[in-house]
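Worksheet for the structure shown next.
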Amino acid sequence: DGAHYLELDLVSSADGVLVVRHENELSLTTDVAAHPAFAARRTRKVIDGQAVEGWFTEDFRWEELQQLRVRERLAQLRGTAFDGQFRLVRLEEVIALLVSQVARSGRGVGLAPELKHPAHFRQLGLGLEERVLAVLADHPYTRVAPVVLQSFDADSLRRLKTSLPDDSNIALMQLVGKADADTLDDTGLARMARYAGVLGIERRLLMDVDTQGRFRAPSGVVERAHQHGLSVVAWTFRPEGDFLPAALLAGVDDAVRQEAAAVAEMRAYLALGIDGLMT
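So this is what it looks like as structure tokens:
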């Protein structure tokens, strides 16, 4: 599809395998609840200050996680045609996939893993930072290819920063959502630039929409971030009407893919001077 990077999220299994998953709770995106052998693993935890109930990757060995099959998280928008067909994968397998695509396309493609809930895993003795650096260093491609490690956790990124040489092929991206918008003043951006090279930001913090779904004036964050030496990557652009500004929609069901509107939204943000986007 022409992507410059492959973006993915990482959590840990009980035996320290880096599992490619958006969250460590498994019931939203796998069939774990249908496995009687795992019924007793259901539990309640506090993850990054939020109470969550379900089944968690850190309570399963990688061998056990291989018994699960994945399903669509947004079934009402994207259907269930692929449910049950695929198993969970680990970071090493994604690197192998990436290398195969590089060979097919004849061009370099980068990797952009996000470390999810790093403080939670560190408390369990399953530190994500050390493991991801080890896996990346173990493969010839990821030792030289463009790699961006992302996290909402500034402490995790600082830990990574201390482990990387100045000439590393690995860049660090501080993710910022609406809950952390107060970090986007000049003081916060200057602090961020001491350990990260990229600001990964929820797109509406760059340019919001009004109640009619029309774009408001830009916030000026792109210019300020650039002044502090930070690249800016906006997230997440999706093609379903539910996620798009109402003023761009073609007046059909919100669940329908509206690719022309999605491209129009991307172009509006690219015009702000962002350096990249996630989609």
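In terms of the numbering used here, the sequence shown opens at residue 1494 and continues consecutively.
From the three backbone atoms N, C-alpha and C, an ideal C-beta is built for every residue, glycine too.
Cβ-based burial, residue i [other Cβ within 10 Å; buried from 16]
i, result
"F1579", "exposed"
"S1593", "exposed"
"E1518", "buried"
"V1749", "exposed"
"D1541", "exposed"
"Q1569", "exposed"
"D1646", "buried"
"E1546", "exposed"
"R1537", "exposed"
"A1530", "exposed"
Reduced DSSP category for residue i - H, G, I as helix; E, B as strand; rest coil
i, result
"I1694", "strand"
"R1684", "helix"
"G1547", "strand"
"V1641", "strand"
"T1676", "helix"
Span separating the alpha-carbon of residue i from that of residue j
i, j, result
"D1497", "G1769", "In the sequence on display, residue 1497 carries His and not Asp. Rounded to the nearest angstrom, the two C-alpha atoms are 9 Å apart."
"A1739", "R1707", "7 Å"
"D1678", "G1577", "45 Å"
"V1669", "A1727", "10 Å"
"A1638", "D1675", "33 Å"
"R1571", "V1625", "31 Å"
"P1633", "V1702", "44 Å"
"F1730", "M1771", "6 Å"
"A1533", "F1553", "12 Å"
"E1551", "G1744", "44 Å"
Whether residue i touches residue j by CB criterion (8 Å)
i, j, result
"W1689", "L1657", "Contrary to the premise, residue 1689 reads as Ala rather than Trp in this sequence. In this structure, L1657 does not lie closer than 8 Å to A1689 by Cβ."
"L1503", "E1607", "yes"
"R1535", "T1522", "no"
"T1635", "L1604", "yes"
"W1555", "V1510", "yes"
So does the region 1641-1650 actually touch the region 1580-1600, counting three or more Cβ pairs closer than 8 Å?
no
If contact is defined by three or more beta carbon pairs under 8 Å, each pair taking one atom from either stretch, is the region 1519-1531 in contact with the region 1586-1600?
no
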